[in-house]
Amino acid sequence: MRFLSAKAGPFYVWQVPVLLAVLVGAGLAAFYYGPERSTTPVGGLAEGEQLVPVQRGTLTDAIATSGTVVFPMREEASFTVAGEVGEVLVSVGSVVREGDVLARLNAATMASLERDVAKAEVDLRDAQEALADALGLPDASEISAASDAVTLSRRALENAQADLELTMKNTARDEQDARDAIQDAMDAVEDELDVVDEYAEEYADTFVQWLGVPASSVNTARSPSEVLDGWQLDLDALFDDRQVLNHDLSWMDPPDDDPATLWDELVVFSWKTLYVGRLAGTCPDGPPYEGRCAEHEMEEAWTALEDARAVVEEKRATVDDARAALENTQAKTARDILAAEQAVEKAENALAADEEAAADLTIETESLDVALLQSEITVAEHALAEAREDVRNAVLTAPVSGIVEDVSMEAGDRLGEQGQQAPSVTILDPSVVEVDGSVDEIDVLAVSVGMPVAVSLSALEGQTLTGEIVEIGAASSGQTGVVTFPVTIRLDVPAGLTLRDGLSAVSEIVLAQYAGELLIPTSSVSGSIIAPV
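Residue numbers for the sequence shown follow this note's numbering, so the first one is 461 and each next one is one higher.
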C-alpha cells in the first residue's frame, strides 16, 4: 500500500510577525468588504469553513507491506550409513559451531564399520600381492620397506641440512662473540691507560706541589727516589729546620730562586714559613703527627701510578686471551662446519641409493591378466576408501554454525530401514534474517533490489530496524484477482538482539522524499482522492 507521510519543519521566530500581519490584514479586509462584497459574517468564517494550521516539512512517498520474520538459512544433517544411533548430544535450542559433534552411532555399529575397513585393507593387500606374483615383482612388504627407506633417508638429509644451517649460524655467532670480547678488552685497556695518565699527572703534581719544579721535568717512569737522586736533591736538607709544630720563621726574608737548582727555593720557603703543622722531608716511620711528609706523599702517588699500570697489563693480558679464544673458536668452527657438510653429503648419497633401489622395484608390463589384477586393485582401493568414509560418517557433525531448530532422532533409532525417513538434525543460521512481504502491481515498478527499508516489529514497540530489498519475485494473483509481487527484505539485526521465526513485521519502502513542502493536516481534507475538498 502506497501512502504519503509528512514531517514538519522547524518554526522560526521571524514567522510570528508575518503570521500576525496576515491575520490583521484578513480582519481589515473582512471589515471593509464585508457589507457589500462578501457573504462571510462580520468577524468570522463562512458556514462550513475553518482555519487550520499549516507548516513546511518533509513529504515522504513510501510503500508499506506487512509480513513475518523468517530465517531462510537452514541445514539438515543426517547419517548416511545404516546402523543404530548411540547418543544424541544436542537438543532444540542448542548453539553449535561448524564441526561440533551432534550425534554418534552406537559401539556395535562402529565395530562393524571398523571391521569392514580391516576387511577392505586385507582385500587390497591380497590384490596387490596377486599382481606382484603375476609380474614376478617383490611383494608388498619389500616395496613398503624400500619406500620407508627413501622416507627415512630424505628425513635424514633434511635433518643434516638443518644441522648444517644451525652450525653455521652458531659458529658465526660464536666468532662474533669472540670478536666482541676482544673489542671489549681493548676498550678496557684504553680506559685504564686514561687512568694511568691521570695518576701520572697526580704523581708529577706531587713534585710540583712540594718543590715547585716544572711538571715536564718529572720522569713519571721513575720512582721518587730515582727522580730525586737524578736531581741530586736531599729532602731532609730542604726541610731540616721545620720539625717544630707552629715554628715561627716569619722573621726570615724570602730567599731568591737559585737558577742552579731545579726546585724553586720560594716554594720550599713557603712550606717552611706558612704551613702550621709539622713538616718532614723523609719519614721512615711514617708522616709526623699533625703534619705532612714530602717523601710519603710522593711514594703514595707513585704506588697509585704503579697499581694503575699493573691493571693495564692485566687488561692487555685479557686482550691476548680473547684473541687466543677467537683463534680457538675459528678452528672449532671450521671443524664443525666440515663435519656438518660431510653429514649432508653422506645423507644425499644415502637418499640417492635408496631412491635408485626403490625405482628398481617398479616394472611395467602389459598383459590381460595383469590388467585384470590391476582393476581388482582399483576396486579394492575404492572399497577401502568407502569403508573409511563410512567410519567417519558414523559421527554426525554440524555442517554450519547456528541454533538447533529440530532434532528428529534419539538414541536407539535404527537407520536405513525400508521406507523410513532418515532422522536428522536441523540447524538454523541466525545470522541471516529476512522479512517477507508483497507489493501491488501499481507500485512494483517503483521498487528495486537494494532499496533501503525501515521495518517495525510488533514485538519491538517503538524500535525500527533497517534492511534492504534482496529479491522481487514473480507476480501472483489471489482470489480477488489483485496482482501482487512478493518481496524479500534482508534485515540488519543489531548486536545483542535475538529475533524469532514468525514475528509480525511492517516494512516501509521509501520511494522518494520532498523537503520544504507545505503540509496540510489530513483532518482538514474531505471528499475523495479524485475530488478532495
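Backbone N, C-alpha and C define an ideal beta-carbon position, used for all residues, glycine too.
Since we're looking at a predicted model, the values are computed, not measured.
(request) Put glutamine 973 into one of helix, strand or coil per three-state DSSP. (result) Walking along the sequence shown from the start, residue 973 turns up at place 513. Note: glutamine 973 maps to strand in three-state DSSP.
(message) Using 7 Å as the threshold, is the C-beta distance between threonine 525 and serine 916 below it?
(response) Walking along the sequence shown from the start, residue 525 turns up at place 65. Walking along the sequence shown from the start, residue 916 turns up at place 456. Their beta carbons are not under 7 Å apart, which means threonine 525 does not touch serine 916 by this criterion.
(request) Determine the extent of the beta strand (DSSP E) in which glutamine 802 is found, giving its start and end residues. (result) As a working mapping, residue 802 is identified with position 342 in the sequence shown. Segment 754-820 is the alpha helix (DSSP H) holding glutamine 802; no beta strand (DSSP E) there.
(request) Give me whichever residues DSSP pairs with aspartate 866 in a beta bridge. (result) Residue 866 sits at position 406 when you count from the first residue of the sequence shown. Paired residues: Thr886.
(message) According to DSSP, is isoleucine 832 part of a helix, a strand, or is it coil?
(response) In the sequence shown, residue 832 corresponds to position 372, counting from 1. Per the sequence shown, residue 832 should be read as leucine rather than isoleucine. Per DSSP, reduced to three states, the secondary structure at leucine 832 is helical.
(message) Just list the residues that DSSP pairs glutamate 750 with in beta bridges.
(response) Numbered from its first residue, the sequence shown carries residue 750 at position 290. Paired residues: none, contrary to the question.
(message) Output needed for serine 551: all residues of its chain with C-beta closer than 8 Å, excluding positions within five of it in sequence on either side, in chain order.
(response) Taking the sequence shown and counting its residues from 1, the one referred to as residue 551 is at position 91. These residues qualify, in order along the chain: Val864, Val867.
(message) Measuring only from the beta carbon, is glutamate 870 closer than 6 Å to any heavy atom that is part of the ligand HEM?
(response) Questions concerning the ligand HEM fall outside what the structure shown contains, since it holds no ligand whatsoever.
(request) Tell me whether glutamine 588 sits in a helix, a strand or coil according to DSSP, three-state version. (result) Counted from its first residue, the sequence shown places residue 588 at position 128. In the structure shown, glutamine 588 sits in a helix (DSSP, three-state: H, G or I).
(request) Could you check which residue in Val913, Thr948, Leu698 has the C-alpha nearest to that of valine 530? (result) In the sequence shown, the residue the question calls residue 530 occupies position 70. Nearest C-alpha to valine 530: Thr948.
(message) Less than 7 Å between the beta carbons of valine 970 and arginine 950, yes or no?
(response) As a first step, residue 970 must be located in the sequence shown, where it is residue number 510. As a first step, residue 950 must be located in the sequence shown, where it is residue number 490. Going by C-beta atoms, valine 970 is not nearer than 7 Å to arginine 950.
(request) Return the chain-ordered list of same chain residues with a C-beta closer than 7 Å to the C-beta of glycine 737, the five sequence neighbours on each side being excluded. (result) Translated into the one-based positions of the sequence shown, residue 737 becomes position 277. Only Leu705, Glu750, Gly751, Arg752 meet the Cβ criterion.
(message) Considering just the uninterrupted stretch of the alpha helix (DSSP H) at threonine 733, what are its terminal residues?
(response) Numbered from 1 along the sequence shown, position 273 holds the residue referred to as residue 733. Threonine 733 -> alpha helix (DSSP H) spans 725-734.
(message) Just to confirm, is the Cβ distance from tryptophan 691 to leucine 722 under 7 Å?
(response) For this step, residue 691 is matched to residue 231 along the sequence shown. For this step, residue 722 is matched to residue 262 along the sequence shown. Closer than 7 Å, so yes.
(request) Could you spell out the range, first to last residue, of the alpha helix (DSSP H) harbouring valine 904? (result) For the purposes of this step, residue 904 is identified with residue 444 of the sequence shown, where counting begins at 1. According to the DSSP assignment, valine 904 belongs to the alpha helix (DSSP H) that extends over 901-904.
(message) Here's a check: name, in chain order, each residue in its chain whose Cβ is nearer than 7 Å to the Cβ of alanine 664, leaving out the five neighbours to either side.
(response) As a first step, residue 664 must be located in the sequence shown, where it is residue number 204. Scanning its chain for C-beta atoms nearer than 7 Å, with the 5 sequence neighbours on each side dropped, one finds around alanine 664 the residues Ala675, Val678, Thr680, in chain order.
(message) How far does the beta strand (DSSP E) with leucine 511 in it extend, from its first residue to its last?
(response) As a working note, residue 511 is residue 51 in the sequence shown. Note, leucine 511: premise wrong, no beta strand (DSSP E); not H, not E.
(request) With DSSP collapsed to three states, give me the class of isoleucine 603. (result) Taking the first residue of the sequence shown as 1, we reach residue 603 at position 143. In this structure, isoleucine 603 counts as helix in the three-state DSSP scheme.
(message) Is the beta carbon of alanine 882 closer than 7 Å to that of alanine 620?
(response) The sequence position of residue 620 within the sequence shown is 160, counting from 1. The sequence position of residue 882 within the sequence shown is 422, counting from 1. No. Outside cutoff.
(request) May I ask you to report which of helix, strand or coil DSSP gives proline 946? (result) Within the sequence shown, the letter at position 486 stands for residue 946. In this structure, proline 946 counts as strand in the three-state DSSP scheme.
(message) In this structure, how does DSSP classify threonine 520 when only helix, strand and coil are distinguished?
(response) Residue mapping note: residue 520 aligns to position 60 of the sequence shown, counting from 1. If DSSP states are grouped into helix, strand and coil, threonine 520 belongs with the strands.
(request) Within the same chain, show all residues whose beta-carbon is closer than 8 Å to that of methionine 628, passing over the 5 residues directly before and after it, in chain order. (result) Translated into positions along the sequence shown, residue 628 becomes position 168. Within the same chain, methionine 628 has close Cβ partners Ile797, Ala800.
(message) Can you tell me whether serine 918 is helix, strand or coil according to DSSP?
(response) For the purposes of this step, residue 918 is identified with residue 458 of the sequence shown, where counting begins at 1. Residue state, collapsed to three classes: coil.
(message) Just to confirm my understanding: we take methionine 911, look at its own chain, exclude 5 residues before and 5 after, and list those with CB closer than 7 Å. What are they?
(response) As a first step, residue 911 is located in the sequence shown; it is residue number 451 there, counting from the start. Within the same chain, and ignoring the five residues on either side of methionine 911 in sequence, the residues whose Cβ sits closer than 7 Å to its Cβ are Glu928, Ile929, Ile969.
(message) Between Val893, Ile902, Ala840, which has its C-alpha nearest leucine 591's C-alpha?
(response) Here residue 591 refers to the residue found at position 131 when the sequence shown is read from its first residue. Looking at the Cα atoms, Ala840 is the closest of the given residues.
(request) Indicate the three-state DSSP secondary structure (helix, strand or coil) for leucine 959 in the structure shown. (result) In the sequence shown, the residue the question calls residue 959 occupies position 499. DSSP places leucine 959 in coil when its eight states are reduced to three.
(message) Looking only at its chain, what residues have a beta carbon closer than 7 Å to the beta carbon of glutamate 824, apart from the 5 residues adjacent to it on each side?
(response) As a position in the sequence shown, residue 824 is number 364, starting the count at 1. Reliability fails at glutamate 824, whose pLDDT of 48 lies under 50, so the model's placement of it is uncertain and no value is given.
(request) Consult DSSP for valine 839 and reduce its assignment to one of helix, strand or coil. (result) For the purposes of this step, residue 839 is identified with residue 379 of the sequence shown, where counting begins at 1. Three-state result, valine 839: helix.
(message) Using the three-state DSSP reduction, which class does glutamate 558 fall into: helix, strand or coil?
(response) Within the sequence shown, the letter at position 98 stands for residue 558. Three-state result, glutamate 558: coil.
(message) Taking the beta carbon of aspartate 781 as the centre, do at least 16 other beta carbons fall within 10 Å, making it buried, or is it exposed?
(response) Position 321 of the sequence shown, counted from the first residue, corresponds to residue 781. Looking at its Cβ environment, which holds fewer than 16 other Cβ atoms inside 10 Å, aspartate 781 is exposed.
(message) Let's test the definition: count the other Cβ atoms within 10 Å of the Cβ of proline 684 and tell me whether it reaches 16, buried, or not, exposed.
(response) What you label residue 684 is simply residue 224 of the sequence shown in a count that begins at 1. That one is buried.
(message) On the CB-based measure, 16 or more other CB atoms within 10 Å of its CB, does glutamine 973 come out buried or exposed?
(response) Start at 1 with the first residue of the sequence shown, and residue 973 comes out as number 513. Within 10 angstroms of the beta-carbon of glutamine 973 lie fewer than 16 other beta-carbons, which makes it exposed.
(request) Compute the beta-carbon to beta-carbon distance between glycine 741 and aspartate 713, rounded to the nearest angstrom, for a pair I have assumed lies under 8 Å. (result) Residue 741 sits at position 281 when you count from the first residue of the sequence shown. Residue 713 sits at position 253 when you count from the first residue of the sequence shown. With 8 Å as the limit, glycine 741 and aspartate 713 do not qualify as a contact, their Cβ atoms being about 22 Å apart.
(message) Need the endpoints of the alpha helix (DSSP H) that serine 685 sits in, please.
(response) As a working note, residue 685 is residue 225 in the sequence shown. Membership of serine 685 in the alpha helix (DSSP H) is indicated by the continuous run 684-691.
(message) Please classify isoleucine 611 as buried or exposed, where buried requires at least 16 other C-beta atoms within 10 Å of its C-beta.
(response) On the sequence shown, position 151 is the one that residue 611 refers to. One detail in the question is off: residue 611 reads as threonine in this sequence, not isoleucine. So threonine 611 ends up on the exposed side.
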